[in-house]
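Trainee:
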RNA sequence: UGGGGGAUCGUCCAACGGUAGGACUGCGGACUCUGACUCCGCCAAUACAGGUUCGAAUCCUGUUCCCCCAGCCA
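As structure tokens, this is what we get:
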């Protein structure tokens, strides 16, 4: 599924279009989305998915979901499962195109042997430290390994014994024989295989040697007939190695690697290492914490798949470093929810109002629309009685200019109900306002009067007698600075926002929300968009605020 | 100081030798039973210096700044 407004003008689209025009790959287009199952997918992965599945869709090709699972140390099945869930949730169908790099281990081994046979790879018995020490630096060439000129027979024998489990981890590696003096460090005899006596999430204990990314990736692409291998900028330096592998192994086709810039979002981090740390250290409740930029976190927060796709398409594909403002993302989800979210009334920080001229034993109901702009969404019933709750922030004893809400002597409208005027303010010993006394105008039933007088302020409210208790969780950015990693002496602890989660335990929402199901979304009028958190139960309602409504008020009131 | 990339409104994207345009943000205004939505308007950019050309964001030369690379991670 791809949005109708998907841009088809990125530089990658232009390259693909040109390749097709040139008759390359017999006019076919095959891409792949290759996550490593070592963590959950995040919004940056969504950008990659939209690109890869999008290109395949736009040119009538196909896109593989391929697990890049060559490092058993870090990968596990929970991640594999979560990734599949997230890809499908985002709206991409990989039926018949689900693969693993580890599916190709046999073929990869054969190709490694082919390299050895041709004198293009050798078994190196240096330790990891020794290899590092002889690699040279950015400005100094490396030195050849003493094992560089091992003969083919010996290499073949050693490599076979590596596979059979004869050696301990780290005893040997297989290296490509390229150029220890190459200015590109990736070409200084890169490691192709390492020994890991470690069981693998997909292949179990079949292997004790595992191929490296640089060897595996181009070959997996070739096996799958990938025509355009799209990856992020940090792999640009690896392209010569990618091409070297394809040129020196008898592959069925020649994929082309093209790089684009990765996505950075203000006030969060996108590196899996950091996200893993946040989870492991308990700074968040898990990978699906609504503050996380992960797809599972955003889903729980209330983001819709289409809002995320729209965002990715809007952000575009270039080679320029991107740093996107949060407002761009928030705008996308507001746009979506504005259309589809049923309206409800709820109160975050309840302040009691007693409507003194409304009879104690009376109550009544109003039938109100679920969406003022979309009558097909139906209606619901709102109950009213003598005691109601409004939000604390909707009253000020000494209001500044342009405060349209309640104040002593002021008349406001209770949404869909009545006009009320504040007649008395009741405070506790500390001077805090604890209750308001008001009177209502019976002629304003439904929210308007025959005299047509203007009432500027309209407040959300709930009937105290009928309201439901709820817990509402408000979210703010995880980090207090836009780009925590740009800070000198970066230690993310210094920039964690300790107000990223604000839990309001005593909120009141209208009775219509008694029936709820996880993930359901609403707009609480004037407050924002909310969704039902999985922590809810039949007798407990927990709401996450997905995003607040835009606020064009002159000053900052909350 | 090696190699690989990148520089267009505050942010993101477009313009592919011919009027620098759009989105987000910000600021005004209209409308409004959500200070929402919607609508209208405004502010705001070609890193710098030369050159080629009738004409340059685009081509050439030089400079500056930013990002990535020294895993048996991906």
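Numbering (this note's numbering), first residue to last: 83 to 640. Backbone N, C-alpha and C fix where the C-beta goes; we use that ideal spot for every residue, glycine too. In this text the structure is predicted, and so the values were computed from the model without any measurement.
1) Compare the Cα-Cα distances from residue 618 to each of 602, 443 and 578 and report the closest residue.
2) For a quick check, are the C-beta atoms of residue 229 and residue 207 less than 8 Å apart?
3) Measuring alpha carbon to alpha carbon, tell me which of 415, 520 and 290 ends up nearest residue 248.
4) If you pair each beta-carbon of the segment 293-312 with each one of the segment 181-190, do three or more pairs fall below 8 Å?
5) Taking its Cβ as the centre, do 16 or more other Cβ atoms sit within 10 Å of residue 192, making it buried, or is it exposed?
6) Pick out the complete alpha helix (DSSP H) segments inside the segment 531-560, 4 residues or longer, and give them in chain order.
7) Let me know the secondary structure DSSP gives residue 243 once reduced to three states.
8) Buried or exposed: where does residue 598 fall if 16 or more other Cβ atoms within 10 Å of its Cβ makes it buried?
9) Just tell me which of 396, 504 and 522 has its CA closest to the CA of residue 132.
10) If you drop the 5 nearest sequence neighbours on each side, which residues of the same chain put their C-beta closer than 8 Å to that of residue 406?
11) Quick one: is residue 320 buried, meaning 16 or more other Cβ sit within 10 Å of its Cβ, or exposed?
12) Let me check understanding here. Comparing Cα to Cα, which of 500, 113 and 277 lies closest to residue 307?
13) Mapping the DSSP letters down to three states, classify residue 529 as helix, strand or coil.
14) How many Å lie between residue 83 and residue 190 at the Cα?
15) So, are the CB atoms of residue 630 and residue 428 less than 8 Å apart?
16) Taking the continuous beta strand (DSSP E) assigned at residue 590, which residues delimit it?
17) Can you check which of these residues, 366, 101, 372 and 265, is closest to residue 322 by C-alpha distance?
18) Quick check on the DSSP output: what are the complete alpha helix (DSSP H) runs of length 4 or more inside the segment 220-268, in order along the chain?
19) What does the alpha-carbon distance come out to for the pair residue 94 and residue 399?
20) Note down the Cα distance separating residue 634 from residue 464, rounded to an integer number of angstroms.
21) With distances taken between CB atoms, is the gap from residue 353 to residue 402 smaller than 8 Å?
22) I need the boundaries of the alpha helix (DSSP H) containing residue 676, first residue and last residue.
23) Could you give the DSSP three-state label for residue 395: helix, strand or coil?
24) Which residue wins for smallest C-alpha separation from residue 285, given the options 577, 169, 108 and 153?
25) Is it right to say residue 87 is buried, meaning 16 or more other beta carbons lie within 10 angstroms of its own, or is it exposed?
26) Please give the ranges of any alpha helix (DSSP H) in the segment 275-349, keeping only runs that are unbroken, at least 4 residues long and fully inside the region.
27) Distance, Cα to Cα, residue 643 vs residue 257?
28) Can you look up residue 471 in the DSSP assignment and give me helix, strand or coil?
29) In the DSSP assignment, find the unbroken alpha helix (DSSP H) run with residue 135 in it and report its ends.
30) Using 10 angstroms around the beta-carbon of residue 117, count the other beta-carbons present and answer buried if the total reaches 16, otherwise exposed.
31) Can you tell me whether residue 122 is helix, strand or coil according to DSSP?
32) Look at the alpha carbon of residue 235 and the alpha carbon of residue 204, and state the distance between them as a whole number of angstroms.
33) Which residue marks the beginning of the beta strand (DSSP E) containing residue 605, and which one marks its end?
34) Does DSSP put residue 417 in a helix, a strand or coil?
35) Measure the alpha-carbon distance for residue 122 versus residue 625 and round it to whole angstroms.
36) Output the boundary residues of the beta strand (DSSP E) element that contains residue 648.
Mentor: So, to answer that:
1) Translated into the one-based positions of the first chain, residue 618 becomes position 536. With distances taken between Cα atoms, residue 618 lies closest to 602.
2) Looking up residue 229 in the first chain gives position 147. Looking up residue 207 in the first chain gives position 125. Between residue 229 and residue 207, the C-beta spacing is below 8 Å.
3) Mapped onto the first chain, residue 248 falls at position 166. The shortest C-alpha separation from residue 248 is found at 290.
4) Touching, yes.
5) Sequence index remark: in the first chain, residue 192 carries index 110 (1-based). When all chains shown are included, residue 192 counts as exposed.
6) The segment 531-560 contains no whole alpha helix (DSSP H) run of 4 or more residues.
7) Stepping through the first chain from its first residue, residue 243 is reached at position 161. Taken through DSSP and simplified to helix, strand or coil, residue 243 comes out as helix.
8) As a position in the first chain, residue 598 is number 516, starting the count at 1. When all chains shown are included, residue 598 counts as buried.
9) Mapped onto the first chain, residue 132 falls at position 50. Taking only the C-alpha atoms, the option nearest residue 132 is 396.
10) Position 324 of the first chain, counted from the first residue, corresponds to residue 406. The answer, listed in chain order, is 345, 346, 347, 348 and 397.
11) Taking the first chain and counting its residues from 1, one reaches residue 320 at position 238. Under this definition residue 320 is a buried residue.
12) Walking along the first chain from the start, residue 307 turns up at place 225. Relative to the Cα of residue 307, the nearest Cα in the group 500, 113 and 277 belongs to 113.
13) Here residue 529 is taken as the residue at index 447 of the first chain, counted from 1. Here residue 529 sits in coil by DSSP.
14) Here residue 83 refers to the residue found at position 1 when the first chain is read from its first residue. Here residue 190 refers to the residue found at position 108 when the first chain is read from its first residue. Note on residue 83: pLDDT 34, under 50, position unreliable in the model; the coordinate value appears next. Answer to the nearest angstrom: the Cα atoms are 33 Å apart.
15) Sequence index remark: in the first chain, residue 630 carries index 548 (1-based). Sequence index remark: in the first chain, residue 428 carries index 346 (1-based). Cβ atoms of residue 630 and residue 428: not closer than 8 Å.
16) On the first chain, residue 590 is found 508 positions in, with the first residue counted as 1. Annotation for residue 590: the continuous beta strand (DSSP E) segment containing it runs 583-591.
17) If you number the first chain from 1, residue 322 lands on position 240. Nearest neighbour of residue 322 by Cα position, chosen from 366, 101, 372 and 265, turns out to be 265.
18) Here the runs fully enclosed are 234-246.
19) As a first step, residue 94 must be located in the first chain, where it is residue number 12. As a first step, residue 399 must be located in the first chain, where it is residue number 317. Computed Cα separation, rounded: 8 Å.
20) Numbered from 1 along the first chain, position 552 holds the residue referred to as residue 634. Numbered from 1 along the first chain, position 382 holds the residue referred to as residue 464. Cα to Cα, the separation comes out at about 28 Å.
21) By one-based count along the first chain, residue 353 stands at place 271. By one-based count along the first chain, residue 402 stands at place 320. Using a Cβ distance threshold of 8 Å, residue 353 and residue 402 do not count as a contacting pair.
22) Since the first residue of the chain shown is 83 and the last is 640, residue 676 is not available in this structure.
23) Indexing the first chain from 1 puts residue 395 at position 313. The answer is helix: DSSP assigns residue 395 an H, G or I state.
24) The residue labelled residue 285 in the question sits at position 203 within the first chain. The option with the nearest alpha carbon to residue 285 is 153.
25) Counting from 1 along the first chain, the entry for residue 87 is found at position 5. At residue 87 the pLDDT is 44, less than 50, meaning the model places this residue with poor confidence and gives no usable figure here.
26) Fully enclosed alpha helix (DSSP H) runs of no fewer than 4 residues occupy 295-306 and 321-330 of the segment 275-349, in order along the chain.
27) Since the first residue shown for the chain is 83 and the last is 640, residue 643 is missing from the structure and cannot be characterised.
28) For this step, residue 471 is matched to residue 389 along the first chain. Judged by DSSP in its simplified three-state form, residue 471 adopts strand.
29) Along the first chain, one-based indexing puts residue 135 at 53. 125-140 is the extent of the alpha helix (DSSP H) around residue 135.
30) In the first chain, counting from the first residue as 1, residue 117 sits at position 35. If you draw a 10 Å sphere on the C-beta of residue 117, you find 16 or more other C-beta atoms in it, and that means buried.
31) Taking the first residue of the first chain as 1, we reach residue 122 at position 40. If DSSP states are grouped into helix, strand and coil, residue 122 belongs with coil.
32) Here residue 235 corresponds to residue number 153 of the first chain, with the count starting at 1. Here residue 204 corresponds to residue number 122 of the first chain, with the count starting at 1. Counting only the Cα atoms, residue 204 lies some 10 Å from residue 235.
33) Here residue 605 corresponds to residue number 523 of the first chain, with the count starting at 1. Counted as a single uninterrupted DSSP element, the beta strand (DSSP E) harbouring residue 605 occupies residues 603-606.
34) The sequence position of residue 417 within the first chain is 335, counting from 1. In the structure shown, residue 417 sits in a helix (DSSP, three-state: H, G or I).
35) By 1-based counting over the first chain, the position of residue 122 is 40. By 1-based counting over the first chain, the position of residue 625 is 543. Near 23 Å, if we compare the C-alpha coordinates of residue 625 and residue 122.
36) Because the chain is modelled from 83 through 640, residue 648 falls outside the range shown and cannot be assessed.
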